[in-house]
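A.B. asks: Sequence lines, in order, name chains D and C.
Here this note's numbering runs 579 ahead of the position in the first sequence, where the first position is 1.
Here this note's numbering runs 18 ahead of the position in the second sequence, where the first position is 1.
Below are the structure tokens for one structure; questions will follow.
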Amino acid sequence: ETGVTQTPRHLVMGMTNKKSLKCEQHLGHNAMYWYKQSAKKPLELMFVYNFKEQTENNSVPSRFSPECPNSSHLFLHLHTLQPEDSALYLCASSQEGGVGDTQYFGPGTRLTVL
Amino acid sequence: GESVGLHLPTLSVQEGDNSIINCAYSNSASDYFIWYKQESGKGPQFIIDIRSNMDKRQGQRVTVLLNKTVKHLSLQIAATQPGDSAVYFCAERTRDNYGQNFVFGPGTRLSVLP
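Structure (structure tokens):
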């Protein structure tokens, strides 16, 4: 039990679908992260939220839309994705998002875009 | 077309031997480094970290060495066990006026032989 849960664990969607990934952390942390891990590239940071405020958006296409309603929950809304967006999407949380701040990862959502 | 995945270097070690996994990082301004372990079907798990003002840090059975001169990071695992089999990757952290950024290495697959 890592304290960070993600749902669904697996998702298959068409390019015209709209879906959302959910992340919940039970660690009392204030920073949450979305990462993309694909077969072709190393782990890539997508978004960072500190105290519910988005502090990082690493040039992610607008077809990915994050939402952080509170410090415990993080969503990634998906729409009109492309097949190359197929990847493992990982959520992580940390205490405050600062240096020396350990990130705890969830198990990920394996996304396949047809 | 054929999907080309990320080619991960593989390190095979005998159970009970010591393992050394290496990582070259890219940014001399990086101030914080982390080693993660990722087992099949799971999210990355924090192993050990080190700040740029240190050159060595020890944990339980693991040691991280940092050589800033050549931008090299290594993870040493003592008395390697079958449960250590996983992909290990390093991450470097930089900060600028816009926030922080983590860059992850592609990883090394550690295989422990009985």
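Even for Gly, the Cβ is constructed at its ideal location relative to N, Cα and C.
Remember, predicted model here, so these are calculated numbers, not experimental data.
Mind listing, in chain order, the continuous beta strand (DSSP E) runs of no fewer than 3 residues lying wholly within the region 621 to 659 of chain D?
C.D. replies: Qualifying beta strand (DSSP E) stretches, in chain order: 623 to 629, 632 to 636, 643 to 649, 652 to 658.
A.B. asks: Let's see if you can read the secondary structure: which residues bound the beta strand (DSSP E) around C:L84?
C.D. replies: By 1-based counting over the second sequence, the position of residue 84 of chain C is 66. 80 to 85 is the span of the beta strand (DSSP E), which, as asked, contains C:L84.
A.B. asks: Which term fits D:E675, buried or exposed, when burial requires 16 or more other beta carbons within 10 angstroms of its beta carbon?
C.D. replies: Start at 1 with the first residue of the first sequence, and residue 675 of chain D comes out as number 96. Counting Cβ neighbours within 10 Å, D:E675 comes out exposed, since fewer than 16 surround it.
A.B. asks: How many angstroms separate the CA atom of C:N85 from the CA atom of C:D73?
C.D. replies: By one-based count along the second sequence, residue 85 of chain C stands at place 67. By one-based count along the second sequence, residue 73 of chain C stands at place 55. Approximately 6 angstroms between the Cα atoms of the pair.
A.B. asks: Considering just the uninterrupted stretch of the beta strand (DSSP E) at D:R588, what are its terminal residues?
C.D. replies: Stepping through the first sequence from its first residue, residue 588 of chain D is reached at position 9. First-last for D:R588: undefined, no H or E at that position.
A.B. asks: Report the neighbours of D:Q682 on chain C: residues whose CB is nearer than 7 angstroms to its CB, in chain order.
C.D. replies: To locate residue 682 of chain D, count along the first sequence from 1; it is residue 103. Near D:Q682 (Cβ distances below 7 angstroms), the residues of chain C are F64.
A.B. asks: Rounding to the nearest angstrom, what Cα-Cα distance links C:E110 and D:K615 in this structure?
C.D. replies: Locating residue 110 of chain C in the second sequence gives position 92, where the first residue counts as 1. Locating residue 615 of chain D in the first sequence gives position 36, where the first residue counts as 1. Each residue's alpha carbon lies about 16 angstroms from the other.
A.B. asks: So is C:T87 buried or exposed if we call it buried at 16+ other beta carbons inside 10 Å?
C.D. replies: The count along the second sequence starts at 1 and reaches residue 87 of chain C at position 69. Classification for C:T87: exposed.
A.B. asks: Return no unless some Cβ of chain C is closer than 8 angstroms to the Cβ of D:L653.
C.D. replies: For this step, residue 653 of chain D is matched to residue 74 along the first sequence. Taking Cβ atoms only, chain C never reaches closer than 8 angstroms to D:L653, which makes this a no.
A.B. asks: Going straight from the alpha carbon of D:Y612 to that of C:L131, what length do you get?
C.D. replies: Here the question's residue 612 of chain D lines up with position 33 in the first sequence. Here the question's residue 131 of chain C lines up with position 113 in the second sequence. The alpha-carbon atoms of D:Y612 and C:L131 are separated by roughly 35 angstroms.
A.B. asks: Quick check on D:M625: buried or exposed, where buried means 16 or more other Cβ atoms within 10 Å of its Cβ?
C.D. replies: For the purposes of this step, residue 625 of chain D is identified with residue 46 of the first sequence, where counting begins at 1. Flag for D:M625 reads buried.
A.B. asks: How would you call D:Q604, buried or exposed, if buried means at least 16 neighbouring beta carbons within 10 angstroms?
C.D. replies: On the first sequence, residue 604 of chain D is found 25 positions in, with the first residue counted as 1. That one is buried.
A.B. asks: Are the C-beta of C:V22 and some C-beta of chain D separated by less than 8 angstroms?
C.D. replies: The residue labelled residue 22 of chain C in the question sits at position 4 within the second sequence. Because C:V22 sits at a pLDDT of 48, beneath the cut-off of 50, its placement in the model cannot be relied upon, and the following sentence gives the value as read from the coordinates. So, interface residue.
A.B. asks: Between C:L26, C:A47, C:R113, C:R69, which lies nearest to C:I39 when the distance is taken from Cα to Cα?
C.D. replies: Taking the first residue of the second sequence as position 1, residue 39 of chain C is located at position 21. With distances taken between Cα atoms, C:I39 lies closest to C:L26.
A.B. asks: Which first and last residues belong to the beta strand (DSSP E) in which D:K615 is found?
C.D. replies: Locating residue 615 of chain D in the first sequence gives position 36, counting from the first residue. Element bounds for D:K615: 610 to 616.
A.B. asks: Just checking my contact of C:Q94 with C:V80 at CB under 8 angstroms: how many whole Å lie between their CB atoms?
C.D. replies: In the second sequence, counting from the first residue as 1, residue 94 of chain C sits at position 76. In the second sequence, counting from the first residue as 1, residue 80 of chain C sits at position 62. Correct: roughly 7 angstroms between the Cβ atoms.
A.B. asks: Residues of chain D with CB closer than 9 angstroms to the CB of C:G123, please, in chain order.
C.D. replies: Counting from 1 along the second sequence, the entry for residue 123 of chain C is found at position 105. Correct list: P621, L622.
A.B. asks: Confirm, please, whether the CB-CB distance from C:D67 to C:Y50 is below 8 angstroms.
C.D. replies: Within the second sequence, numbered from 1, the residue matching residue 50 of chain C stands at position 32. Within the second sequence, numbered from 1, the residue matching residue 67 of chain C stands at position 49. The answer is yes: Cβ separation under 8 angstroms.
A.B. asks: Do D:P645 and C:F122 have their beta-carbon atoms positioned less than 8 angstroms apart in this structure?
C.D. replies: On the second sequence, position 104 is the one that residue 122 of chain C refers to. On the first sequence, position 66 is the one that residue 645 of chain D refers to. Against a cut-off of 8 angstroms, the Cβ pair of D:P645 and C:F122 comes out as no contact.
A.B. asks: Return the CA-CA distance between D:Y683 and D:A610, expressed in angstroms with no decimal places.
C.D. replies: The residue labelled residue 683 of chain D in the question sits at position 104 within the first sequence. The residue labelled residue 610 of chain D in the question sits at position 31 within the first sequence. Cα-Cα distance, rounded: 10 angstroms.
A.B. asks: Relative to the C-alpha of C:G61, which candidate in D:L690, D:L693, D:C670 has its C-alpha closest?
C.D. replies: By one-based count along the second sequence, residue 61 of chain C stands at place 43. Residue D:C670 is the option with its Cα nearest to C:G61.
A.B. asks: Applying a beta-carbon distance threshold of less than 9 angstroms, which residues of chain D neighbour C:G101?
C.D. replies: Indexing the second sequence from 1 puts residue 101 of chain C at position 83. Result: empty, since nearest Cβ-Cβ is about 16 angstroms, beyond 9 angstroms.
A.B. asks: From D:G685 to D:Y668, what distance separates their C-alpha atoms?
C.D. replies: Position 106 of the first sequence, counted from the first residue, corresponds to residue 685 of chain D. Position 89 of the first sequence, counted from the first residue, corresponds to residue 668 of chain D. Taking the straight line from one Cα to the other gives about 9 angstroms.
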